[in-house]
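Chains as they are written, first to last, in this note's numbering: chain A, 8 to 101; chain B, 1034 to 1662.
All C-beta atoms in this analysis are idealised placements derived from N, C-alpha and C, irrespective of residue type, glycine included.
Being a predicted model, the structure only gives us computed values, none of them experimental.
Read the structure below first, then the notes.
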């Protein structure tokens, strides 16, 4: 299956990319995807991904198709073919 | 009393005299500081029913409990008056060095009464207060005014809050500036202008006594360390401007006066684009280890060398919401607001209302005549030069359009609709008269009631109810029975920070989570080490409820009714166009239900009034006597 990952904010600065396509095995979880991204783009570790390489730093979060935020207790679920996953860090105020 | 001087300074501009009021410790334990104490002072000192631009209104400043101490991000103060925009409570927060001087001068609060016959500035030199002619400062920008006064004393410890030309001209969206920070929203600058008060300067040289310096230092050091880490990194790198693309991607970015939630040129006005092409530096308030403020500069072209303090809320209002995808025009417009003393959000939303009037043929080029464009100009969406020019016209009330827009969207639309038999109120984006923030609430159903019921109007800073919606803790597209409690809980959570005050950007630095369970015990320790009190979790939680209640009580005394808790017509009747939030509105049925469950969660009546016993329970007996039911 193929999904598109979009980078916004700090994750875009760390990867230097607006988005990347990932070919995934069936059953790949969101946690696996974070791990894959951290492995491919080590600069994500620290500000975006925790040192364990698979947990996002709060308040970085994955969003599925601009409709649903993936909560920590949903990280073992996975995307479907054609999904767009957005890695964003939410800031409030200003 | 540790942490406080116990003294409130009253200044009468009619007679140029002062007096000192003392307050009991219980009063401080109830109202603490910041917006809560400022609002309480407004409650005590404003003539009910007065015109907000008449001498019966007062401007109240309240210090921060932690200002001048080692506590990180505690260098803030609150300001309150009756708002010229809403006719209800106008409360603002500002930060940095003035807050520290304020506290070190030995005052917990300052109340400025009456109005001067001539333009005046006030100088508070520790416990001495003097009045000075300010006529030579008229027309100066906020930075020029601060520098002129500092130069006059030759002492950079003299810190100044002032108004720019907008406040002088009684522009209802004017703010008060100090140290590059703003007491914004709700038109505090117009209140100062109505008093002919150009500036208030403070030199504070005293110390601040705290109950347990050693513990306070240790607690502060731990927070300081956490504030250098990943919990605040996003603020340092991109600041709040990162929200431009976030909101755009979620279909929530106000675009062309909230006609859409996705802006096709969002990348060109994003925080990422600012960072890459225009970022000049990042600066911090006094006492702040985070340094979130992104300063953008235009280096060449017609808007050079404009330099503006760029926040998300300023940026959405003066870019996508005006249909402008030109970062240079946005920086210039924001810089104009910063220097002329205008609230960026209200100014941008009011300009976008005018642009929609032009789009729909209500206005023509002729309506936009000014000195720079004697024949007027085309004020269509996307015209960056028009947006910039309008900021200048508003600040100076120049021409028909400048004078009209200086009134804000509520009054401007009412005037135009009466004169031209139009229905421009349908796109006048305000709540209670205060222009709406950078989150389209049609698909943020919890935030919708938080905004509608907001005591200072359409404000994201006082209601944090967008948090559960945007972060996906609830289904943002629908309504259920949990939203009343959520709206209550999030607004009172925000009110704790606004009352101490502490900058909300520190909220994850106590335990890594931005929840009460993590923060309140830590904040209780900070309060206790400062004051010697014995605050616990519940006492901290009550700070927020009390702060919100005194503001609500003020509004009730000014004639608030349930109908005042409304949303802009557009959000209730025009489905969002395009993007992930397309098709949504907040129906009448949804809004009335949300108000019902919100009032119930607050312990109020169905009409939104506060029972006497509720006020007594909060320790607000005198308020209960006046407005309790």
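Check                                                                                                                                                                                : Outcome
Give the residues of chain B in contact with residue 96(A), contact being defined as C-beta atoms less than 9 Å apart.                                                               : 1266, 1267, 1271, 1275, 1279
Could you check whether the Cβ of residue 85(A) sits closer than 9 Å to any Cβ belonging to chain B?                                                                                 : no
Would you list the residues sitting across from residue 1380(B) in a DSSP beta bridge?                                                                                               : Residue 1380(B) pairs with nothing; no bridge assigned.
For residue 1395(B) and residue 1438(B), I'd like the C-alpha separation in whole angstroms.                                                                                         : 14 Å
Sorted by chain position, which residues of the same chain lie with C-beta nearer than 7 Å to residue 1287(B)'s C-beta, five sequence neighbours on each side aside?                 : 1349, 1353, 1354, 1471, 1473
If you check the beta carbons only, do residue 1413(B) and residue 1442(B) fall under 9 Å apart?                                                                                     : no
Would you say residue 1327(B) and residue 1315(B) are within 9 Å of each other, going by their C-beta atoms?                                                                         : yes
Have a look at the DSSP bridge pairing and note the partners of residue 11(A).                                                                                                       : 28(A), 91(A)
Taking the alpha helix (DSSP H) that residue 1559(B) belongs to, which residues open and close that run?                                                                             : 1549 to 1564
Kindly indicate the opening and closing residues of the alpha helix (DSSP H) around residue 1480(B).                                                                                 : 1478 to 1485
Look at the alpha carbon of residue 1654(B) and the alpha carbon of residue 1556(B), and state the distance between them as a whole number of angstroms.                             : 26 Å
Mapping DSSP to helix, strand and coil, what is residue 1435(B)?                                                                                                                     : helix
Excluding the 5 residues preceding and the 5 following residue 11(A) in the sequence, name in chain order all residues of the same chain whose CB lies nearer than 8 Å to its CB.    : 26, 27, 28, 29, 90, 91, 92
Give the interface partners of residue 1545(B) over in chain A, defined as CB-CB distance under 8 Å, in chain order.                                                                 : 65
For residue 22(A), count the other beta carbons within 10 Å of its own beta carbon; 16 or more makes it buried, fewer makes it exposed. Which is it?                                 : buried
With 8 Å as the limit, tell me which residues of the region 1495 to 1516 of chain B have their beta carbon closer than that to any beta carbon of chain A; keep them in chain order. : 1497, 1499, 1500, 1503, 1504, 1505, 1506
On the three-pair Cβ rule with 8 Å, is the region 1428 to 1436 of chain B touching the region 1335 to 1349 of chain B?                                                               : no
Quick check for students: name the residue ranges of the beta strand (DSSP E) that lie wholly in the region 1098 to 1123 of chain B, counting only runs of 3 or more.                : 1109 to 1115
Nearest CA to the CA of residue 1668(B): which residue from 1125(B), 1041(B), 1280(B), 1114(B)?                                                                                      : Nothing about residue 1668(B) can be reported from this structure: the residues present for chain B run from 1034 to 1662 only.
Would you say residue 72(A) faces chain B, with C-beta separation under 9 Å as the test?                                                                                             : yes
Does any C-beta atom of chain A lie closer than 9 Å to the C-beta of residue 1308(B)?                                                                                                : yes
Going by the beta-carbon positions, is the gap between residue 1254(B) and residue 1476(B) smaller than 9 Å?                                                                         : no
Does residue 1133(B) pass the burial test, meaning 16 or more other C-beta atoms within 10 Å, or should it be called exposed?                                                        : buried
Sorted by chain position, which residues of the same chain lie with C-beta nearer than 8 Å to residue 15(A)'s C-beta, five sequence neighbours on each side aside?                   : 93, 94, 95, 96
Just to confirm before moving on: does the CB-CB distance between residue 1424(B) and residue 1479(B) stay below 9 Å?                                                                : no
Can you name the residues that DSSP bridges to residue 1158(B)?                                                                                                                      : 1161(B), 1236(B)
Taking residue 1263(B) as the query, report the chain A residues whose CB atoms sit under 7 Å from its CB, ordered along the chain.                                                  : 53, 54, 64
Pair every Cβ in the region 1141 to 1156 of chain B with every Cβ in the region 1036 to 1046 of chain B, then say whether three or more of these pairs are closer than 8 Å.          : yes
Within the same chain, show all residues whose beta-carbon is closer than 7 Å to that of residue 1100(B), passing over the 5 residues directly before and after it, in chain order.  : 1107, 1108, 1109, 1110, 1132, 1133, 1135, 1136
For the region 12 to 77 of chain A, list the beta strand (DSSP E) runs that are entirely contained and at least 3 residues long, ordered along the chain.                            : 26 to 30, 67 to 71, 75 to 77
Quick check on DSSP: helix, strand or coil for residue 1208(B)?                                                                                                                      : coil
For a test of the three-state rule: what should DSSP assign to residue 1329(B), helix, strand or coil?                                                                               : strand
Just how far apart, CA to CA, sit residue 1303(B) and residue 1509(B)?                                                                                                               : 24 Å
Indicate whether residue 1541(B) and residue 1274(B) have their beta-carbon atoms separated by less than 9 Å.                                                                        : no
What residues in the region 8 to 26 of chain A have a beta carbon less than 8 Å from any beta carbon of chain B?                                                                     : 13, 15, 16, 17, 19, 20
Among 1211(B), 1127(B), 1060(B), which has the Cα closest to the Cα of residue 1534(B)?                                                                                              : 1127(B)
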